[in-house]
Amino acid sequence: MPQLEQVEFFISQLFWLGVFFVILFTVLTYITLPKIRAFLNQRDDFVKSHISKQDELIKKAESIIENYEAKLSEAKNQASQIINDAKDKALKESEDLIKVTEEKIQHEIKQTEERVAKEKDTAISELNDQLKDSATNFLSKVTNIEKGNINL
Amino acid sequence: MAKGESPLKQFEIQPIVDINFLGFDISFTNSALWMTITTAFILIFFTVPFLKAKKTNSVSDLYPTRMQVAAELGFNFINSLLADTVGKEGKKYFPLVFTLFMFILFGNLFGMIPYSFTFTSHIIVTLALAMGVFIFVTVLGFVKHGVKFFSFFVIPGLPVYMLPLLIPIEIISYLSRPISLSVRLFANMLAGHTLLKVFAGFVSALGFFGILPLVFIIALTGLEILIAFLQAYVFAILTCLYINDALHLH
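Order-wise, the sequence lines are chains A and B.
Under the working numbering, the first residue of the first sequence carries the number 12, and numbering increases by one thereafter.
Under the working numbering, the first residue of the second sequence carries the number 100, and numbering increases by one thereafter.
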């Protein structure tokens, strides 16, 4: 087995192993690894700052939405209030109109009734007068008493 | 592979440039070559995508390049591994675990390239890595807790008469950590590559029916790539657990 037979190369192997391991370790420790770590840290910081910025923006957007919704519901309330008011007003107006009209009609009916009653009375009294006239005429003709002397 | 060649020949170390320093043979070998390639690849793979990476200033900057995604994946993998096993204090040891994991992972993976060399298949390399981890966590434990670190070998809530039996067992298990850590990686790499080579020998030996071991090799290559990843992961997670033990004792 060359690993155990070639004893004469042990020192050479150890020497070059030491040389290259030390070179590798030194360069990695002082140049390569700090470079990689600095790069990764900087990138992580960037990503983290972006995430926090994003959180801020999300919060802002949420507050905007909240504001918008509040305003929207307020506007909706106002609109329904206006509609209700308008409805009430219209209802009242129509009721008033109906009332006024009814009163007018009632008044007219009353007037008409009064007029009819008056006319009836005049007609009856006229008839009465006529009847009285004809009765007086009739009586004076029958009894030969002068008209002026007959009192019914 | 020439006929009759040992399946272990792939593990042979061949010097490329002979170097002698103060009487020590520190020749640049094929092992050192693949360590060079691994090191260079890791550094390029993880550094280059972030050289041009812009600062994230707008949402359109959030889209990373493909290379960047791959590098981030490796980074985050080790990051979460440490966070899960050690916790917040583990961040300090991130470069160590990252280097260990990537070095072993790409060493294993590059070893899967035909005609390449797997330096993690050598016990001396894995033992050196494991001893490094072992010494590091032991020193870390003493630095953090001082003499109190020895209480790590005493399991809390145990009757006193059990201690003479269990303290030696705890110490032995602690001392065997670097051995198990190194042998696990070394043996997995050795066995996998040897097995592949043995079946590759069957392909040429069986002629037409060599298609059967060929199919097997294809499946086995997939398994070996999994093992390459898995062993690097095991090494890294055990390192994390040892660091956690050293920091929190029990």
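Ideal Cβ placement from N, Cα and C applies to all residues, glycine included.
The beta carbon of residue 223 of chain B falls within 7 Å of a beta carbon belonging to chain A, placing the residue at that interface. For the pair residue 335 of chain B and residue 197 of chain B, the Cα-to-Cα distance works out to about 8 Å.
Interface with chain A (7 Å Cβ-Cβ cutoff): residue 144 of chain B is excluded. Not a single C-beta of chain B is nearer than 7 Å to the C-beta of residue 33 of chain A. By the rule that beta-carbons nearer than 7 Å mark a contact, residue 104 of chain B does not touch chain A. When DSSP reads this structure, residue 139 of chain A sits in no beta bridge, so it has no partner.
For residue 116 of chain B, DSSP records a beta bridge to B/127. Residue 227 of chain B has a beta carbon lying within less than 7 Å of a beta carbon in chain A. For the segment 13 to 26 of chain A, the beta-carbon criterion of a distance under 8 Å to any beta-carbon of chain B is satisfied by 13, 14, 15, 17, 19, 20, 21, 22, 23, 24, 25 and 26.
In summary, the residues of the segment 34 to 45 of chain A whose CB is separated from some CB of chain B by less than 8 Å are 34, 35, 36, 38, 39, 40, 42, 43 and 44, in the order they occur in the chain.
In this structure, the CA atom of residue 299 of chain B is about 30 Å from the CA atom of residue 279 of chain B. Judged by beta-carbon spacing, residue 297 of chain B lies within the 7 Å limit of residue 106 of chain B, meaning their Cβ atoms are closer than that value. Residue-level contact by beta carbon fails for residue 68 of chain A and chain B, as no gap is shorter than 7 Å.
For residue 53 of chain A, the chain B residues whose C-beta falls within less than 9 Å of its own C-beta are 154 and 155, listed in chain order. In chain order, 323 and 326 place their CB closer than 7 Å to the CB of residue 291 of chain B, counting only its own chain and leaving out the 5 sequence neighbours on each side.
Counted as a single uninterrupted DSSP element, the alpha helix (DSSP H) harbouring residue 273 of chain B occupies residues 262 to 274.
In this structure, the beta-carbon distance from residue 129 of chain B to residue 216 of chain B falls below 7 Å. Interface annotation, residue 47 of chain A: in contact with chain B, CB-CB separation under 7 Å.
Residue-level contact check: residue 284 of chain B does not touch chain A, since none of the beta carbons of chain A fall below 7 Å from its beta carbon.
Chain-ordered, the chain A residues with CB closer than 8 Å to the CB of residue 170 of chain B read 47.
Between residue 28 of chain A and chain B, the shortest Cβ-Cβ separation is below 7 Å. Here the C-alpha atom of residue 262 of chain B lies approximately 59 Å from the C-alpha atom of residue 153 of chain B.
A contact between stretches requires three or more CB pairs, one per stretch, nearer than 8 Å, and the segment 29 to 44 of chain A meets this requirement with the segment 134 to 148 of chain B.
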